[in-house]
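Okay, structure first, notes after.
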Amino acid sequence: MPDETIVSARPDRELKKKIITPGDYNVVPYEDSRCKVSITNLKCFNESGDCAVDPESQVFSAQFNGIVLIGDSDSFIDKDFELILQQMCNGEVCEATMTYRDCEGKLAAEYKFTLELKETTVEQLVSDWGWMRLYEAATHHKERGVELVKQKRMADAFRRFSKALKMLIAIEPIDLEEIPEESVKEMKELKVKLLNNLAHCQIQYNEFEAALDLCNRALKYDPDNIKTYYRRCVSYQGLNLYEEAWNDIQHVLKLDPSDRAAQQKASLLKPKVDEIKTKYANVMKKMFV
1 MPDETIVSAR
11 PDRELKKKII
21 TPGDYNVVPY
31 EDSRCKVSIT
41 NLKCFNESGD
51 CAVDPESQVF
61 SAQFNGIVLI
71 GDSDSFIDKD
81 FELILQQMCN
91 GEVCEATMTY
101 RDCEGKLAAE
111 YKFTLELKET
121 TVEQLVSDWG
131 WMRLYEAATH
141 HKERGVELVK
151 QKRMADAFRR
161 FSKALKMLIA
171 IEPIDLEEIP
181 EESVKEMKEL
191 KVKLLNNLAH
201 CQIQYNEFEA
211 ALDLCNRALK
221 YDPDNIKTYY
231 RRCVSYQGLN
241 LYEEAWNDIQ
251 HVLKLDPSDR
261 AAQQKASLLK
271 PKVDEIKTKY
281 ANVMKKMFV
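Residue numbers for the sequence shown follow full-length UniProt numbering, beginning at 1 and rising by one.
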């Protein structure tokens, strides 16, 4: 029987597998492959003994339907599961181990299970996809990202939005003879939404410079997008650029005077802007006394 092999390793995590039954080396999963799998003999334990499975995992949940689409996982547990799966062959059965340690090196969780890759649907490489499939995939990842935002899983949502944006970029340069004008318009609108959503995720982690850059990119496609101006305002505020933030929120109110969030933001910014103007006026007075 072959020795246990390391699939991936770093100080806080190690993935290993040992082949029980070899598979067909001519068929292996890769990005977007649809895999039918069987997971048995699952055990999860830590320093204290048996422990519960990570609740964000889909593959180890009771609702798992046995189908894994490579590249479509969100939790870190499921992503690591995919890494093991991508090192398997069609029909292969292996014993897999996923080990996680905390910052002190103590065992946080270890998953041991028997995994069978029962069937692999061979797909086209992403690089060979047509514009329509890329657009559909981008829409799928965007919608999944929105669901993750609602669950407050910002890091996972950010990855989804990033993947969707990459799918759209892969369509460029756009062939206007091949792609209908209406579809071009929809792709442009989707790109703006993705840039806005990515900015929103960055703001949650106080990454205001990154959010500012994303907003500026979005405004190149849609110069009067209210959400973009609002999020750029928040980014400027986070960078203590209050006058720039004030200008953006005023532009939002010009586009939609009834926007409650913008009204509240303007009320919060006004004292800061007034303070800056007062200090500037005092400096000017001293200069010309």
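Idealized CB from N, CA, C, for every residue including glycine. Small disclaimer: the values here were computed from a predicted structure and weren't measured.
Fewer than three pairs of CB atoms, one per stretch, sit closer than 8 Å, so the stretch 153 to 172 makes no contact with the stretch 206 to 216. Sequence-distant Cβ neighbours of residue 81 in its own chain, meaning closer than 6 Å and more than five residues away, are 59. Here the alpha carbons of residue 52 and residue 100 stand approximately 14 Å from one another.
The shortest CA-to-CA distance from residue 249 to any of 234, 24, 112 is the one to 234.
Unbroken alpha helix (DSSP H) runs of no fewer than 4 residues, entirely contained in the UniProt domain "BDBT FKBP like N-terminal" (12 to 118), are found at 76 to 85, following chain order. In this structure, the straight-line span from the alpha carbon of residue 79 to that of residue 200 is close to 24 Å. The shortest CA-to-CA distance from residue 254 to any of 274, 277, 239, 230 is the one to 230.
Under the DSSP assignment, residue 249 falls in the alpha helix (DSSP H) whose first and last residues are 242 to 255. A straight-line Cα-Cα distance of about 11 Å links residue 259 and residue 266. Here residue 8 carries a strand assignment [DSSP, helix/strand/coil].
Counting every other CB atom within 10 Å of its CB across the protein chains shown gives residue 180 a total below 16, marking it as exposed. Distance from residue 118 to residue 38 at the Cβ level is roughly 6 Å; contact confirmed, criterion being Cβ atoms closer than 8 Å. Between residue 218 and residue 192 a beta carbon distance of about 5 Å is seen, short of the 8 Å cut, so the two are scored as contacting. Sequence-distant Cβ neighbours of residue 216 in its own chain, meaning closer than 8 Å and more than five residues away, are 232. Taking all protein chains in view, the Cβ of residue 145 is crowded by 16 or more other Cβ atoms within 10 Å, so the residue is classified as buried. In this structure, the CA atom of residue 278 is about 22 Å from the CA atom of residue 263. Here the C-alpha atom of residue 168 lies approximately 44 Å from the C-alpha atom of residue 275. Here residue 135 is buried, its C-beta having at least 16 other C-beta atoms within 10 Å. Residue 120 is bridged by DSSP to 35. Its chain contains 131 as the residues whose beta carbon lies nearer than 8 Å to that of residue 178, once the 5 sequence neighbours on both sides are disregarded; these appear in chain order.
Under a 10 Å Cβ-count criterion, residue 24 is classified as exposed, with fewer than 16 other Cβ atoms of the shown protein chains found around its own Cβ. Taking a contact as a CB-CB distance under 8 Å, the pair residue 28 and residue 89 counts as one, their CB atoms being some 6 Å apart.
A straight line joining the alpha-carbon of residue 133 with that of residue 151 spans about 27 Å. Judged by DSSP in its simplified three-state form, residue 271 adopts helix. Taking 8 Å as the cut-off, the Cβ atoms of residue 107 and residue 84 do not count as close. Straight across, the Cα-Cα distance linking residue 61 with residue 236 is about 42 Å. Look at residue 176 here: in three-state DSSP terms it is coil, with no helix or strand label.
In this structure residue 94 is not in contact with residue 43, their Cβ atoms being roughly 15 Å apart against a cut-off of 8 Å.
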